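Following: one structure in structure tokens, then a few remarks.
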């Protein structure tokens with residue numbers, strides 16, 4: 147569990163898992179200004195903090211749980227992850243896209259909330275569970291989930307990722 | 147200081163240092179759901195954000211310094227670090243446990259607090275100083291310490307780590 | 147863009163770019179206590195969270211935008227980055243200083259702000275744009291920008307970095 151956990155030979159590929167799950171990846175976001183969606187260094191793919199945008203628009207705005215329900219925030223975490231998968235698939239397109247991902251290393255989740263909020267892990271599970279659906283055991287990762295008073299565009303969730311490339 | 151700083155040959159091992167310091171590691175936390183306590187990729191061990199739980203219960207809850215004193219928050223940072231050491235020791239058990247740690251690379255500390263709080267470094271020192279007690283010079287690390295409006299289970303401190311494995 | 151993007155042979159060196167831009171690096175900060183300004187592991191240089199100090203004093207304090215304007219916060223992000231460049235230049239002094247940097251991998255930016263703030267990316271651009279001025283295309287990085295209720299010394303911006311060393 148804590149040692150490297152690459153996808154076993156013969157196991158379902160991430161792209162096949164997405165197809166089985168009926169998930170179509172969103173279009174990868176265009177690079178913006180002076181930073182980029184992903185950076186590959188050695189076999190580590192760093193993915194920029196993803197926000198829950200769909201077709202260019204935030205799917206929710208505000209604080210959890212006062213303005214955005216836990217349930218919606220979980221969906222937001224899932225959307226951040228879909229956007230990350232799309233970015234990784236695009237970044238790795240010359241290597242087979244997401245099928246070149248060997249494992250998920252780290253997830254860093256930020257939830258917009260106030261003092262006293264305690265359910266950050268519940269929100270972050272929206273990301274973690276999708277990663278395990280897509281990558282199986284090798285989708286299990288180290289994770290930090292914390293609060294923030296606000297996030298870019300006033301979205302309720304932002305998540306960054308490190309993937310291992312095979 | 148800024149170059150790699152592995153433990154010199156013949157220096158005290160981390161497990162010997164723990165024994166000398168009279169520190170017994172807590173039981174490693176059970177893996178939860180879709181994420182895991184640690185992930186090893188190459189020679190980097192990513193350790194999930196640790197919270198100050200002891201025997202499964204938070205040792206403090208609330209904001210620093212209004213609800214949790216600086217002194218207690220420092221103890222919380224130390225407890226987070228003990229939990230990280232336990233997780234790393236378990237993850238590396240087939241390689242000699244913590245003795246397989248070559249250096250500490252990064253510490254990311256989050257402190258639950260309000261606007262105007264300025265003493266995040268003082269809290270994070272509870273982690274940093276323990277790491278140097280256990281690993282000596284090779285325990286010195288890059289660090290970020292920042293505020294958060296709240297953290298999982300309403301604890302006052304969460305800390306994540308990257309260790310180098312030898 | 148998402149693949150490794152090292153400086154092309156024959157391109158302007160980072161130190162030459164700094165000279166052309168008329169930028170003199172600040173003196174590197176002294177190491178404090180149990181953590182260090184940078185840690186090199188393999189070819190990754192982790193740089194501790196930098197705050198906007200100049201000659202040892204914060205150049206601004208408080209929340210964005212209520213107490214610190216967006217414009218000032220952008221300058222703070224730039225100052226954090228100058229301090230990071232100084233730390234990296236010092237860390238790599240036996241290898242040619244900043245000229246040993248092959249690319250910028252990750253930028254993690256924290257902005258002290260309140261609920262409803264949405265312009266974290268604008269602030270973080272103060273760091274990202276300087277990195278591209280100095281390193282060219284290889285300065286483009288993965289990035290996360292988030293809010294925090296407060297930061298060390300009550301500064302408005304803290305930024306940590308991962309550089310790739312060539």
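Protein chains in written order, with the working numbering: chain F, 147 to 312; chain Y, 147 to 312; chain R, 147 to 312.
From the three backbone atoms N, C-alpha and C, an ideal C-beta is built for every residue, glycine too.
Remember, predicted model here, so these are calculated numbers, not experimental data.
Item                                                                                                                                       : Value
The region 234-245 of chain Y touching the region 282-302 of chain Y, judged by at least three CB pairs closer than 8 Å                    : no
Whole-angstrom distance between residue 266 of chain F and residue 289 of chain F, CA atom to CA atom                                      : 11 Å
Residue-chain proximity (residue 206 of chain Y, chain F), Cβ-Cβ < 8 Å                                                                     : no
Delimiting residues of the beta strand (DSSP E) encompassing residue 294 of chain Y                                                        : 288-294
Cβ of residue 158 of chain F within 8 Å of any chain Y Cβ                                                                                  : no
Sequence-distant residues of its chain with Cβ nearer than 8 Å to residue 190 of chain R (five each side left out)                         : 251, 308, 309, 310 and 311
The region 204-218 of chain Y / the region 252-259 of chain Y touching (three or more Cβ pairs under 8 Å)                                  : yes
Through-space distance from residue 305 of chain R to residue 208 of chain R, alpha-carbon basis                                           : 16 Å
Contact set between residue 272 of chain F and chain R, taken where Cβ atoms lie within less than 9 Å                                      : The premise fails here: residue 272 of chain F is roughly 17 Å from chain R at the closest Cβ pair, so nothing lies under 9 Å.
Any chain R beta carbon closer than 8 Å to residue 264 of chain Y                                                                          : yes
Residues bridged to residue 243 of chain Y (per DSSP)                                                                                      : The partner list for residue 243 of chain Y (beta bridge, DSSP) is empty, contrary to what the question assumes.
Contained beta strand (DSSP E) runs [length at least 3] in the region 154-186 of chain R, N- to C-terminal order                           : none
Sub-8 Å separation of residue 193 of chain Y and residue 204 of chain Y beta-carbons                                                       : no
Where the beta strand (DSSP E) through residue 306 of chain R begins and ends                                                              : 303-311
Beta carbon proximity, residue 291 of chain R to chain F, threshold 8 Å                                                                    : yes
Beta carbon of residue 186 of chain R nearer than 8 Å to that of residue 230 of chain R                                                    : no
8 Å Cβ cutoff, residue 167 of chain Y in contact with chain R                                                                              : no
Cβ pair count under 8 Å reaching 3, the region 157-171 of chain F against the region 278-285 of chain F                                    : yes
Selected residue, minimal CA-CA separation from residue 253 of chain Y, among Y:235, Y:223 and Y:232                                       : Y:223
Whole-angstrom distance between residue 220 of chain Y and residue 336 of chain Y, CA atom to CA atom                                      : Since the first and last residues shown for chain Y are 147 and 312, residue 336 of chain Y lies out of range.
Minimum Cβ-Cβ distance from residue 252 of chain Y to chain R less than 8 Å                                                                : yes
Contained beta strand (DSSP E) runs [length at least 3] in the region 185-256 of chain R, N- to C-terminal order                           : 190-196
Secondary structure of residue 147 of chain R, DSSP reduced to three states                                                                : With a pLDDT of only 35 at residue 147 of chain R, under the threshold of 50, the placement of this residue in the model should not be trusted; the figure read from the coordinates follows. If DSSP states are grouped into helix, strand and coil, residue 147 of chain R belongs with coil.
Buried or exposed (CB count within 10 angstroms, at least 16 for buried), residue 90 of chain F                                            : Since the first and last residues shown for chain F are 147 and 312, residue 90 of chain F lies out of range.
Residue 154 of chain Y burial status per 10 Å Cβ neighbour count (16 or more: buried)                                                      : exposed
Cut-off 7 Å between Cβ atoms - residues of its own chain near residue 234 of chain F, not counting five sequence neighbours on either side : 184, 191, 193, 244, 247 and 309
CA nearest to the CA of residue 182 of chain Y, picked from F:301, F:283 and F:299                                                         : F:283
Any chain Y beta carbon closer than 8 Å to residue 218 of chain R                                                                          : no
Coarse secondary structure for residue 270 of chain F, derived from DSSP in three states                                                   : helix
Within chain Y, partners of residue 223 of chain F - CB distance below 7 Å                                                                 : None at all; the shortest Cβ gap to chain Y is about 11 Å.
Closest residue to residue 202 of chain Y among Y:174, Y:188 and Y:179 (Cα-Cα distance)                                                    : Y:174
Near-chain R residues of the region 275-299 of chain Y - C-beta to any C-beta below 8 Å                                                    : 275, 277, 278, 285, 286, 287, 288, 289, 290, 291, 292, 293, 294 and 295
Contacts of residue 306 of chain R in chain F (Cβ-Cβ under 7 Å)                                                                            : Within 7 Å Cβ-Cβ: nothing; residue 306 of chain R doesn't reach chain F, min ~12 Å.
Backbone CA spacing between residue 232 of chain Y and residue 272 of chain F [nearest angstrom]                                           : 27 Å
Neighbour flag for residue 202 of chain Y against chain F, beta carbons, 8 Å                                                               : no
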